[in-house]
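Engineer:
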Amino acid sequence: MKKEKTKFVCASCGYESIRWLGKCPECESWNTFSEEVVVKQEAKGKQGYSGPLNISKLHKIESSSVSRFSSGIQELDRTLGGGFVPGSVILLGGEPGIGKSTILLQSLALLKKPSLYVTGEESLQQIKMRAERLGIASDLITILAETDLNKILSAINDTEPTLFVIDSIQTVHNPELMSSPGTVSQIRESAYALMENAKTTGRTAVIIGHVTKEGSLAGPKILEHMVDTVLQFEGDGNNLFRIIRAIKNRFGSSNEIGVFEMQGSGLKEVPNPSGVFLNEDKTVNSGSCITAVFEGTRAILTEVQALVVPSYFGNPSRITSGFDQRKLSILLAVLEKRAKINLSNKNVFINVSGGMRIDEPASDLPICLSIISSSREKTLPPGIIVIGEVGLGGEIRGVPQIIARLKEAEKLGFISAIIPKANFPETKGKTGMKIKAVSSIEEAVNTF
Ligand SMILES: Nc1ncnc2c1ncn2[C@@H]1O[C@H](COP(=O)(O)OP(=O)(O)OP(=O)(O)O)[C@@H](O)[C@H]1O
Ligand SMILES: [Mg+2]
1 MKKEKTKFVC ASCGYESIRW LGKCPECESW NTFSEEVVVK QEAKGKQGYS GPLNISKLHK
61 IESSSVSRFS SGIQELDRTL GGGFVPGSVI LLGGEPGIGK STILLQSLAL LKKPSLYVTG
121 EESLQQIKMR AERLGIASDL ITILAETDLN KILSAINDTE PTLFVIDSIQ TVHNPELMSS
181 PGTVSQIRES AYALMENAKT TGRTAVIIGH VTKEGSLAGP KILEHMVDTV LQFEGDGNNL
241 FRIIRAIKNR FGSSNEIGVF EMQGSGLKEV PNPSGVFLNE DKTVNSGSCI TAVFEGTRAI
301 LTEVQALVVP SYFGNPSRIT SGFDQRKLSI LLAVLEKRAK INLSNKNVFI NVSGGMRIDE
361 PASDLPICLS IISSSREKTL PPGIIVIGEV GLGGEIRGVP QIIARLKEAE KLGFISAIIP
421 KANFPETKGK TGMKIKAVSS IEEAVNTF
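So in the working numbering, spot 364 of the sequence shown is number 364, and the numbers just go up one at a time.
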């Protein structure tokens with residue numbers, strides 16, 4: 001017996017409701033609910049399954065090491081944890097025009113394995129034009145312009161690629177479902193079918209996903225849970241640098257980043273990114289502070305800039321680029337309460353150079369010192385880097401990987417560092433830099 005029921009699902013977060021809602025109570029987005037029909041099989045008789053089950057004792061399961069193959073692009077391999085894993089599913093998200101299709105086409109050309117690129121957004125001619133611009137002439141790449149899930153699955157089974165790319169999951173639709181492409185149920189069903197194909201055949205699947213206005217991956221959150229790896233393409237349109245960040249990785253460390261530069265001939269790797277985020281002529285302005293952020297397995301030197309100016313209207317502005325705005329408000333509150341620096345009548349602007357985004361606690365102190373530097377119109381000493389987490393009590397907390405950060409700075413010619421006192425003992429004998437260890441924000445503010 002089949003029973004039909006309708007439900008309403010939020011396209012943004014997957015929240016389900018029995019009636020239509022204008023505003024989603026979960027993610028607070030508007031007009032995102034669409035109706036879906038649920039067909040339920042009525043339970044009959046005894047519950048459970050009487051056939052054989054695939055149950056094993058943990059200690060009896062044979063272990064196997066993860067085999068990988070290179071994407072042909074070292075920076076991409078790095079974010080993947082060492083390369084593509086056969087049978088794994090990767091979700092790649094990013095703003096429109098950031099370079100998702102470009103990087104994957106470049107990778108397929110270098111793969112030296114048969115691959116299938118399914119495009120639902122562009123025509124074959126558009127893909128060909130891009131390939132010509134990128135100088136790609138591989139005979140191992142097959143292109144399919146299709147959006148019907150069943151036809152895509154048939155093409156995958158017919159061409160037997162080692163890796164297939166779906167560009168993008170929002171365009172794929174299963175004609176057996178009533179809803180239109182891009183809805184929660186379509187995305188979920190299509191992703192599930194593609195994932196099952198990858199898992200059962202050992203093919204690697206790379207799925208491109210759109211992002212919402214707020215920058216998070218569009219579609220149901222469940223999509224991120226289903227896949228093995230979630231990669232996010234970052235960078236602002238005005239900047240040539242592009243960063244691929246691993247947000248989730250079942251086969252490697254998450255938060256690893258790969259850095260690229262967008263050029264006419266495609267995305268070029270930046271193997272040593274520390275230098276590129278720094279000011280080229282190495283002059284230091286007031287409001288500028290260099291820090292070493294730790295991304296995945298490496299330290300990257302980054303410049304943070306603050307601009308503090310009087311506010312002539314009611315509410316002062318707090319505007320950030322590459323840094324969390326709420327975190328800035330917290331740091332300003334700490335500066336006011338613990339270091340007695342009042343910025344309530346000042347506009348504060350923060351910028352992280354090179355289109356880089358930092359959200360590591362170790363960047364709290366450099367942000368605070370760049371603000372102080374700008375408000376006092378006084379530059380920090382040349383050749384100095386600043387590292388430290390700032391607690392609500394104004395205390396400076398220790399950070400992980402201090403030696404790796406200092407080593408990277410030393411390599412690039414930095415001579416001194418302001419670091420948390422808690423990290424000081426471990427630096428002894430490990431660095432030639434002049435170290436100033438601080439334990440409170442007040443102490444740090446008074447170092448220059
Ligand atoms: N002729 C060109 N010369 C230089 N750069 C170009 C050229 N054509 C495109 N680009 C760059 O490539 C980018 C588009 O890359 P791509 O199509 O891979 O992005 P995408 O993330 O797949 O976008 P979408 O979400 O629209 O599919 C452009 O934003 C631009 O920076
Ligand atoms: Mg594209």
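Heads up, the beta-carbon is just placed ideally off N, CA and C, and yes, glycines get one too. Since this is a predicted model, take the numbers as computed values, not measurements.
#1: Would you grab the beta carbon distance between residue 90 and residue 227 for me? Rounded to a whole angstrom, and I think it's under 8 Å.
#2: Going by CA-CA distance only, name the one from 350, 332, 351 that's closest to residue 342.
#3: Measuring alpha carbon to alpha carbon, tell me which residue in 338, 405, 182, 102 is nearest residue 298.
#4: Identify every run of the alpha helix (DSSP H) within the segment 295-356, keeping only runs that are complete inside it and at least 4 residues long; order them along the chain.
#5: Roughly how many whole angstroms lie between the Cα atoms of residue 139 and residue 109?
#6: To the nearest angstrom, how far is the alpha carbon of residue 240 from that of residue 292?
#7: Do residue 69 and residue 118 have their C-beta atoms within less than 8 Å of each other?
#8: Count the other CB atoms, across all protein chains shown, that sit within 10 Å of the CB of residue 330; report buried if there are 16 or more and exposed otherwise.
#9: Does the distance from the CB of residue 82 to the CB of residue 252 come in under 8 Å?
#10: Roughly how many angstroms lie between the CA atoms of residue 238 and residue 97, to the nearest whole one?
#11: Where residue 23 and residue 223 are concerned, what is the direct C-alpha to C-alpha distance, given to the nearest angstrom?
#12: With a cut-off of 8 Å on the beta carbons, I'd call residue 11 and residue 183 a contact; round off their distance for me.
#13: For the alpha helix (DSSP H) containing residue 117, name the first residue and the last one.
#14: Taking just the CA atoms, how far does residue 174 sit from residue 5?
#15: Go through its chain and collect everything with a Cβ distance to residue 346's Cβ below 8 Å, but skip five positions before and after it.
#16: Decide if residue 266 is buried, meaning its Cβ has at least 16 other Cβ atoms within 10 Å, or exposed.
#17: How far does the beta strand (DSSP E) with residue 126 in it reach, from first residue to last?
#18: Spatial neighbours of residue 373 within its chain, please: C-beta separation below 8 Å, excluding the five flanking residues on both sides.
#19: In the DSSP assignment, what residue or residues form a beta bridge with residue 167?
#20: Rounded to the nearest angstrom, what separates residue 328 and residue 364 at their Cα positions?
#21: Buried or exposed: where does residue 78 fall if 16 or more other Cβ atoms within 10 Å of its Cβ makes it buried?
Structural biologist: Reading from the atomic positions:
#1: Numbered from its first residue, the sequence shown carries residue 90 at position 90. Numbered from its first residue, the sequence shown carries residue 227 at position 227. Residue 90 to residue 227, Cβ: 7 Å. Contact.
#2: As a working mapping, residue 342 is identified with position 342 in the sequence shown. If we check each option's Cα against that of residue 342, 332 comes out closest.
#3: As a working mapping, residue 298 is identified with position 298 in the sequence shown. The shortest C-alpha separation from residue 298 is found at 405.
#4: 325-338
#5: The sequence position of residue 139 within the sequence shown is 139, counting from 1. The sequence position of residue 109 within the sequence shown is 109, counting from 1. So the two alpha carbons sit approximately 9 Å from each other.
#6: What you label residue 240 is simply residue 240 of the sequence shown in a count that begins at 1. What you label residue 292 is simply residue 292 of the sequence shown in a count that begins at 1. Roughly 21 Å separates the two Cα atoms.
#7: Stepping through the sequence shown from its first residue, residue 69 is reached at position 69. Stepping through the sequence shown from its first residue, residue 118 is reached at position 118. Taking 8 Å as the Cβ cut-off, residue 69 and residue 118 do not qualify as a contacting pair.
#8: In the sequence shown, the residue the question calls residue 330 occupies position 330. Its Cβ having fewer than 16 others within 10 Å, residue 330 is exposed.
#9: Numbered from 1 along the sequence shown, position 82 holds the residue referred to as residue 82. Numbered from 1 along the sequence shown, position 252 holds the residue referred to as residue 252. Going by C-beta atoms, residue 82 is nearer than 8 Å to residue 252.
#10: In the sequence shown, residue 238 corresponds to position 238, counting from 1. In the sequence shown, residue 97 corresponds to position 97, counting from 1. When rounded, the distance between both Cα atoms is 12 Å.
#11: To locate residue 23, count along the sequence shown from 1; it is residue 23. To locate residue 223, count along the sequence shown from 1; it is residue 223. Spanning the two alpha carbons is a distance of roughly 22 Å.
#12: Translated into positions along the sequence shown, residue 11 becomes position 11. Translated into positions along the sequence shown, residue 183 becomes position 183. Correct: roughly 6 Å between the Cβ atoms.
#13: Walking along the sequence shown from the start, residue 117 turns up at place 117. Not the alpha helix (DSSP H): residue 117 falls in the beta strand (DSSP E), residues 115-119.
#14: In the sequence shown, residue 5 corresponds to position 5, counting from 1. In the sequence shown, residue 174 corresponds to position 174, counting from 1. Taking the straight line from one Cα to the other gives about 20 Å.
#15: If you number the sequence shown from 1, residue 346 lands on position 346. Around residue 346: 308, 309, 310, 311, 316, 375.
#16: Reading the sequence shown from its first residue, position 266 is the one you call residue 266. It is buried - the Cβ of residue 266 has at least 16 other Cβ atoms within 10 Å.
#17: Residue numbering aside, residue 126 sits at position 126 when the sequence shown is read from its first letter. Residue 126 -> not in any beta strand (DSSP E); alpha helix (DSSP H) instead, spanning 124-134.
#18: Along the sequence shown, one-based indexing puts residue 373 at 373. Answer for residue 373: 286, 287, 288, 289, 306, 379, 380, 448, listed in chain order.
#19: One-based indexing of the sequence shown puts residue 167 at position 167. The partner list for residue 167 (beta bridge, DSSP) reads 119.
#20: Walking along the sequence shown from the start, residue 328 turns up at place 328. Walking along the sequence shown from the start, residue 364 turns up at place 364. Those two C-alpha atoms are separated by around 9 Å.
#21: For this step, residue 78 is matched to residue 78 along the sequence shown. Under this definition residue 78 is a buried residue.
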